[in-house]
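Note that the protein sequences, when read in sequence, are chains A and B. Taking this note's numbering, I'd label the letters of the first sequence as residues 59 to 502. Taking this note's numbering, I'd label the letters of the second sequence as residues 3 to 108. Note that beta-carbon positions come from the ideal geometry of N, C-alpha and C, so glycine has one too. A quick write-up on the structure given underneath.
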Amino acid sequence: MAKTSENGQSYDDRLDNLSVEDCLIIKNEFKKRINYDFAAFLNTCVHCGLCADTCHYYIVDKNPKNIPANKLGLINKVFNRHFDLFAKITPTLTGSKKLSRDMVKEWVDSLFGRCTLCGRCALNCTMGINIPYIIRAARGALAAARLVPPGLQSTVDTAIEKGNNMGIARDDWLETIEWLEEELQDDVNDPDASLPLDKNGTRLLYTINPREAMFFPLSISAAGKIFYAAGESWTFSSDNFDVTNYGLYSGDDSAAGLMSERLVDSRRELGCEALILAECGHGFNSNRWEAPEWLEKKYGFPVKSILQVIAEYIKEGRIRLDASRNKKRVTLHDPCNLVRLGGIVEEQRYILKQSVTDFVEMTPNREKNYCCGGGGGQLAMTRYADRRLETGRLKAEQIKATGAKIVVTPCHNCIDQLMELNKHYKLEIEIKTVAEIVADALVI
Amino acid sequence: MPEIEINGNKIELNEEGFMANPKEWNEEIAKALGKAEEGLDELTKDHWAVINYIRGYYLEKELAPMVRKICKHTGLKLKYIFELFPSGPAKGACKLAGLPKPDGCV
Numbered sequence: 059m060a061k062t063s064e065n066g067q068s069y070d071d072r073l074d075n076l077s078v079e080d081c082l083i084i085k086n087e088f089k090k091r092i093n094y095d096f097a098a099f100l101n102t103c104v105h106c107g108l109c110a111d112t113c114h115y116y117i118v119d120k121n122p123k124n125i126p127a128n129k130l131g132l133i134n135k136v137f138n139r140h141f142d143l144f145a146k147i148t149p150t151l152t153g154s155k156k157l158s159r160d161m162v163k164e165w166v167d168s169l170f171g172r173c174t175l176c177g178r179c180a181l182n183c184t185m186g187i188n189i190p191y192i193i194r195a196a197r198g199a200l201a202a203a204r205l206v207p208p209g210l211q212s213t214v215d216t217a218i219e220k221g222n223n224m225g226i227a228r229d230d231w232l233e234t235i236e237w238l239e240e241e242l243q244d245d246v247n248d249p250d251a252s253l254p255l256d257k258n259g260t261r262l263l264y265t266i267n268p269r270e271a272m273f274f275p276l277s278i279s280a281a282g283k284i285f286y287a288a289g290e291s292w293t294f295s296s297d298n299f300d301v302t303n304y305g306l307y308s309g310d311d312s313a314a315g316l317m318s319e320r321l322v323d324s325r326r327e328l329g330c331e332a333l334i335l336a337e338c339g340h341g342f343n344s345n346r347w348e349a350p351e352w353l354e355k356k357y358g359f360p361v362k363s364i365l366q367v368i369a370e371y372i373k374e375g376r377i378r379l380d381a382s383r384n385k386k387r388v389t390l391h392d393p394c395n396l397v398r399l400g401g402i403v404e405e406q407r408y409i410l411k412q413s414v415t416d417f418v419e420m421t422p423n424r425e426k427n428y429c430c431g432g433g434g435g436q437l438a439m440t441r442y443a444d445r446r447l448e449t450g451r452l453k454a455e456q457i458k459a460t461g462a463k464i465v466v467t468p469c470h471n472c473i474d475q476l477m478e479l480n481k482h483y484k485l486e487i488e489i490k491t492v493a494e495i496v497a498d499a500l501v502i
Numbered sequence: 003m004p005e006i007e008i009n010g011n012k013i014e015l016n017e018e019g020f021m022a023n024p025k026e027w028n029e030e031i032a033k034a035l036g037k038a039e040e041g042l043d044e045l046t047k048d049h050w051a052v053i054n055y056i057r058g059y060y061l062e063k064e065l066a067p068m069v070r071k072i073c074k075h076t077g078l079k080l081k082y083i084f085e086l087f088p089s090g091p092a093k094g095a096c097k098l099a100g101l102p103k104p105d106g107c108v
């Protein structure tokens, strides 16, 4: 559960009473994060302003603080003041600023509270600046001083301490899988249908977002049913099943590396051929692309999204689908971390076209899609909930324009935000994972 | 901070409608949250079965129970629980039972 205090002090009290030492910790960590790429990006912004209208925060609220170049500017100013000799001696001329208590507050408000690290600004940056990469690094500097907002920090802490981000106990996980296995056996009318645990030497090691096991298990049943229909050799791990990695959002590389390493170790110990990532945008980006950087080693084994696996089943004729079982109009939301930042773009479309009769794209889509508003740790940071719902208006409008009754999205974080948008903007939609809609169309 | 007024008492909520001080919980608060957060004019016997189980589990373990446990101990089917609480077990049932917001993608 979200802790609201650190050593008995509330987060806001800590921000109001930051010590010189706190600022020094942030500065030192910030310095560590500056490599050549980073330094080159920092002073490259030409203030063309093109990024403004790409950001869902700015589109919804014309506060200049929401312009990506200005978020980047806050980091530039500190960099220049502390690490650029010329700017250091000419602060008035260059606008460089010390990392003071007020500046730390501005960093927190803008870098945690006005950004989902969705990367849409970077895609449209005339100078090609990787803005979310820099914002994440600055978040990491704040993380070193334990200044990640509550909710996001507690989710990282829970994952580190308990092995998964909802603190699910091992026995409870095993009991849930046993229960879902019985349900699957009833569903497919086969007492041998299984959700295997710790099976050695299988082709695939599958992972989940803990929220599936905790509160929304239908997506686990759906994936299990698809694996069953394909005759797949697969397993869960009883210890390391969590695909999420909130270290991506907090910016804390060591926590992020520790979480990803658990999956790497489990695959090796179980002797599985490939690591398969559940429908989780940031979990995919973290474990497919970022983790080798955090761990400073190459994987040497395949890491795939379950969407790639399902698309292969369809292409190879391993599963049969009857699209007429899904007749309602369906649209697709592209999770930023999976699509724009992850490169999984066409698989979900191929799968949906085989699984439903009336598929419509929302506009814009694919890598140009808008963030749902819940990414970057926003869903966990309660203090910014109002902004999150407000920025989600763009997504709500996109959905309404399609006339779809079902919104499919391969990301549990997006699903939760979409559930809130559904309620707040009265969309009257159903929200499903790709596996759920495929399971509905499966011919067994 | 947002708040909800019950019989003249102001109950503090967080920005997402979860109780700021879970110890203050009582059945009147559950009813008021049901109406404000889930649009439920009345809580049925089945709503109470779920809420009371979650509340008891939380008081004992300081955790929300998994939905498996909720189904097992109330004897209610999973799909029916989603019907009872439109926002689902976390932002629906746990919120009405006065739990703080769980960690993770919720």
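Going by DSSP, S277 (chain A) is part of the alpha helix (DSSP H) stretching over 276-288. Spatial neighbours of C176 (chain A) in its own chain (CB-CB distance under 6 angstroms, excluding positions within 5 residues in sequence) are listed in chain order as C394, C429, G433. For V108 (chain B), the nearest beta carbon of chain A is closer than 8 angstroms to its own beta carbon.
Distance check between I489 (chain A) and each of A:T389, A:G401, A:V397 places A:T389 closest, using alpha-carbon atoms only.
Annotated three-state conformation of R378 (chain A) is strand, per DSSP.
For I402 (chain A), there is no enclosing beta strand (DSSP E), as DSSP marks it with neither H nor E.
Judged by their CB atoms, S324 (chain A) and N343 (chain A) are not nearer to each other than the 8 angstroms cut-off. W292 (chain A) sits in a strand when the DSSP states are folded into three classes. The beta carbons of I226 (chain A) and A497 (chain A) sit about 23 angstroms from each other, so the pair does not count as a contact at 8 angstroms. Residue pairing from DSSP places E5 (chain B) in a beta bridge opposite B:E14.
Look at the beta carbons and you see the stretch 395-411 of chain A not touching the stretch 56-76 of chain B: under three pairs across the two are nearer than 8 angstroms. Excluding the 5 residues flanking it on each side, E319 (chain A) has same chain C-beta neighbours closer than 7 angstroms at L353, in chain order.
Residue state for S77 (chain A) is assigned as coil, using DSSP reduced to three classes.
Interface flag for V52 (chain B) against chain A is unset, since no Cβ pair is found closer than 8 angstroms. Taking 9 angstroms as the cut-off between beta carbons, the residues of the stretch 266-284 of chain A near chain B are N267, P268, R269, A271, M272, F273, F274, P275, L276, in sequence order. In this structure, the CA atom of P91 (chain B) is about 23 angstroms from the CA atom of Q211 (chain A). Partner residues in the beta bridge of T389 (chain A), as assigned by DSSP, are A:V418, A:V465. Closer than 8 angstroms at the C-beta level to chain B, one finds these residues of the stretch 477-491 of chain A: M477, E478, K481.
Contact with chain A is found for A92 (chain B), since one of that chain's Cβ atoms lies less than 8 angstroms from the residue's Cβ. Around the beta carbon of Q475 (chain A), a 10 Å sphere encloses 16 or more other beta carbons of the protein chains shown; the residue is thus reported as buried. Cβ-Cβ distances below 8 angstroms link P24 (chain B) to Y60, G100, L101, P102 in the same chain, with the five nearest sequence neighbours on each side left out; the list follows chain order. In this structure, N345 (chain A) and V367 (chain A) do not form a Cβ contact; the two beta carbons are roughly 15 angstroms apart against a cut-off of 8 angstroms. Taking a Cβ-Cβ threshold of 8 angstroms, none of the residues of chain A is close to M21 (chain B); the smallest such distance is about 12 angstroms.
Comparing C-alpha distances from I266 (chain A) to each of A:I495, A:C469, A:L485, A:K484 shows the shortest one belongs to A:C469. Secondary structure of A332 (chain A) (DSSP, three-state): strand. By the Cβ rule, the stretch 143-152 of chain A does not count as touching the stretch 173-192 of chain A, because fewer than three pairs are nearer than 8 angstroms. Under the three-state reduction of DSSP, V246 (chain A) is assigned to helix. For L263 (chain A), the uninterrupted beta strand (DSSP E) run begins and ends at 262-264, by DSSP. Boundaries of the beta strand (DSSP E) harbouring V361 (chain A): 361-363, taken from the DSSP string. Linking M317 (chain A) to N303 (chain A) through their CA atoms gives a straight-line distance of about 6 angstroms.
CA-CA distance, L447 (chain A) to F88 (chain A), rounds to 31 angstroms.
Residue environment analysis places C106 (chain A) among the exposed positions, since fewer than 16 neighbouring C-beta atoms fall within 10 angstroms of its C-beta. Under DSSP, K490 (chain A) shares a beta bridge with A:V466. Interface residue (Cβ-Cβ distance to chain A less than 8 angstroms): M68 (chain B) is classified as such. Within chain A, the C-beta atoms nearer than 7 angstroms to that of E17 (chain B) come from T440, R441, A443, D444, in chain order.
Judged by pairs of C-beta atoms under 8 angstroms, the stretch 375-388 of chain A does not touch the stretch 154-161 of chain A, as fewer than three such pairs exist.
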